[in-house]
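Asker:
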Amino acid sequence: MNRNRRLRQNSTMRSLVRETTVLPSELIYPIFVTEGRGIKEEIPSMPGVYNYSVDRLYEIMEQVVNSGISGVMIFGVPVHKDSKGSEAYRWDGIAQKGIKYIKNHYPDIVVVADICLCAYTNHGHCGIVNEGEILNDETLPYLAEMALTCVQAGADMVAPSDMMDGRVEYIRKVLDNNNFKNVPIMAYSAKYASAYYGPFRDAAHSAPKFGDRKTYQMDFANVKEAMREISNDIEEGADIVMVKPALAYLDVIKEASQRFDVPVAAYNVSGEYAMVKAAALSGWIDEKRIVLENLYAIKRAGANIIITYHAIEAVQWLKEI
Ligand code: PBG
Ligand code: ZN
58 MNRNRRLRQN STMRSLVRET TVLPSELIYP IFVTEGRGIK EEIPSMPGVY
108 NYSVDRLYEI MEQVVNSGIS GVMIFGVPVH KDSKGSEAYR WDGIAQKGIK
158 YIKNHYPDIV VVADICLCAY TNHGHCGIVN EGEILNDETL PYLAEMALTC
208 VQAGADMVAP SDMMDGRVEY IRKVLDNNNF KNVPIMAYSA KYASAYYGPF
258 RDAAHSAPKF GDRKTYQMDF ANVKEAMREI SNDIEEGADI VMVKPALAYL
308 DVIKEASQRF DVPVAAYNVS GEYAMVKAAA LSGWIDEKRI VLENLYAIKR
358 AGANIIITYH AIEAVQWLKE I
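Following this line, the structure appears as structure tokens:
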């Protein structure tokens with residue numbers, strides 16, 4: 058008889074043969090930064106996740122530092138929105154202010170800036186719009202300007218999430234020309250048009266006011282196309298590629314990690330977090346065990362880095378595994 062149970066008989070035996078790990082150093086925690094003072098406002102569809110004004114960022118950053126996770130991903134939530142998203146690429150825009158504060162006070166944390174216009178435009182699309190069309194090439198300079206101002210504010214890495222073609226190459230050139238040759242790009246390469254971003258859009262007030270994002274984000278039926286997106290981004294200079302969302306796209310993560318020799322990040326997005334939290338708050342699932350199982354699944358599929366709203370809590374739970 059094949060007695061596979063021999064290696065499962067107790068917890069130390071199981072840890073001896075465990076094939077996958079999830080380490081705090083592999084996690085990135087997303088942070089929403091908003092204008093004003095004294096603000097720490099819970100996002101209704103994301104219990105436990107808050108919008109912070111810069112003066113209260115220390116509250117979450119202390120937890121980040123104590124947890125031992127490597128990085129944070131910064132999302133600005135501006136008050137003023139206009140057709141070209143002009144708050145996105147001001148030197149003193151809200152994301153830039155948050156980045157500057159964090160980098161000054163927590164120099165060892167990797168600060169990643171999400172680069173996209175949707176939270177800053179009054180139409181809620183990720184690019185410049187003309188007569189209902191989301192323009193590709195016209196958007197690139199704005200994204201590059203946002204990337205540059207975020208890096209000037211202290212960002213260690215930029216993560217374009219807009220899904221315009223050619224943006225990685227464009228951003229790389231602008232960073233290089235401004236003496237930021239050493240700042241890596243983590244490209245949201247295989248980013249699907251997904252209903253799992255719903256709670257994020259509540260948080261960032263970034264839902265599109267007309268239409269949807271299907272002309273630039275990917276069709277969820279496709280996986281070859283994801284490989285094409287990833288390989289294009291690597292050619293253009295991406296240092297890390299991302300698959301997003303994570304849990305409904307484990308096949309895409311797996312294929313990407315087998316095919317490409319750059320680090321693969323997976324974004325465990327807001328809707329995935331919200332579903333777990335809602336069920337946990339109803340007492341229907343064991344949150345701790347579900348979160349660990351999900352994070353291990355993402356790692357098992359081949360992700361090297363996980364961006365997750367569970368990061369801080371998960372670090373505690375990982376110690377108990
Ligand atoms: C901005 C951006 C989004 C997310 C990350 N960057 C929203 C979107 O594309 O609509 C989603 C993150 C999440 O749902 O947690 N483009
Ligand atoms: Zn966007």
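Heads up: the sequence shown begins at 58 in the numbering used here, then just goes up one per residue. Every residue, glycine too, gets a C-beta built ideally from N, C-alpha and C.
Does any heavy atom of the ligand ZN sit closer than 7 Å to the C-beta of C207?
Answerer: No - the ligand ZN has no heavy atom lying nearer than 7 Å to the Cβ of C207.
Asker: Which residues neighbour the ligand ZN when neighbourhood means a C-beta less than 5 Å away from any of its non-hydrogen atoms? List them by chain order.
Answerer: Having a Cβ closer than 5 Å to some heavy atom of the ligand ZN are C173, C175, C183.
Asker: Report the option in S288, N61, T196 whose CA atom is closest to the CA atom of L174.
Answerer: Ranking S288, N61, T196 by Cα distance to L174 puts T196 first.
Asker: Can we count S72 as close to the ligand PBG, meaning its CB is less than 7 Å from some heavy atom?
Answerer: False, no ligand heavy atom lies under 7 Å from that Cβ.
Asker: Beta-carbon within less than 8 Å of Q315's beta-carbon, same chain only, minus the 5 sequence neighbours each way: which residues are those?
Answerer: The residues are G359.
Asker: Just reading off the beta strand (DSSP E) that K97 is part of, what are its end residues?
Answerer: Unbroken beta strand (DSSP E) run through K97: 97–100.
Asker: If you drop the 5 nearest sequence neighbours on each side, which residues of the same chain put their C-beta closer than 8 Å to that of Y227?
Answerer: Excluding residues within five positions, the ones whose Cβ falls inside 8 Å are L197, P198, L200, A201.
Asker: Give the straight-line distance between the Cα atoms of G95 and D213, rounded to the nearest whole angstrom.
Answerer: Cα to Cα, the separation comes out at about 27 Å.
Asker: Got a sec? Which residues, its chain only, sit under 8 Å from V169 by beta carbon, not counting five neighbours each side?
Answerer: Cβ neighbours of V169 beyond the five flanking positions: I85, G128, V129, M130, I131, A212, D213, M214, V215, A216, M243.
Asker: Is there contact between the segment 259–271 and the segment 280–289, where contact requires at least three CB pairs shorter than 8 Å?
Answerer: At 8 Å Cβ cutoff, the stretches do not touch.
Asker: Out of E188, T77, S251, Y177, state which residue places its alpha-carbon closest to the alpha-carbon of R357.
Answerer: The residue with the shortest Cα to Cα distance from R357 is T77.
Asker: My parser needs the alpha helix (DSSP H) runs of 4 or more residues fully inside the segment 323–361; what are they?
Answerer: Runs of the alpha helix (DSSP H) inside the segment 323–361: 327–338, 344–358.
Asker: In this structure, how does DSSP classify I291 when only helix, strand and coil are distinguished?
Answerer: Residue state, collapsed to three classes: helix.
Asker: Quick check: the Cα distance between R229 and R65, rounded to an integer number of angstroms?
Answerer: Looking at the two C-alpha atoms, the distance is approximately 49 Å.
Asker: Y177 by DSSP, collapsed to three states: which one?
Answerer: Coil.
Asker: Assuming Y115 and V90 form a contact by the criterion Cβ under 8 Å, report the distance between their Cβ atoms to the nearest whole angstrom.
Answerer: Contact doesn't hold; Cβ gap of about 12 Å is too wide.
Asker: Looking at C-alpha atoms only, which residue of Y366, A278, E83 is the closest neighbour of V333?
Answerer: Closest option to V333, Cα to Cα, is Y366.
Asker: Can you tell me the Cβ-Cβ gap for H180 and S140, rounded? I've got them flagged as a contact below 8 Å.
Answerer: Their Cβ separation, rounded to whole angstroms, is 7 Å, which keeps H180 and S140 in contact under 8 Å.
Asker: How many Å lie between E344 and T272 at the Cα?
Answerer: Computed Cα separation, rounded: 36 Å.
Asker: Mapping DSSP to helix, strand and coil, what is Y158?
Answerer: Correct three-state label for Y158: helix.
Asker: By DSSP, does L197 sit in helix, in strand, or in coil?
Answerer: Of the three classes helix, strand and coil, the one that applies to L197 here is helix, per DSSP.
Asker: Classify Y163 as helix, strand or coil using the three-state DSSP reduction.
Answerer: Coil, per DSSP.
Asker: List the whole-angstrom C-beta distance separating A303 from I355, where the pair is believed to meet the contact cut-off of C-beta under 8 Å.
Answerer: Confirmed, about 5 Å.
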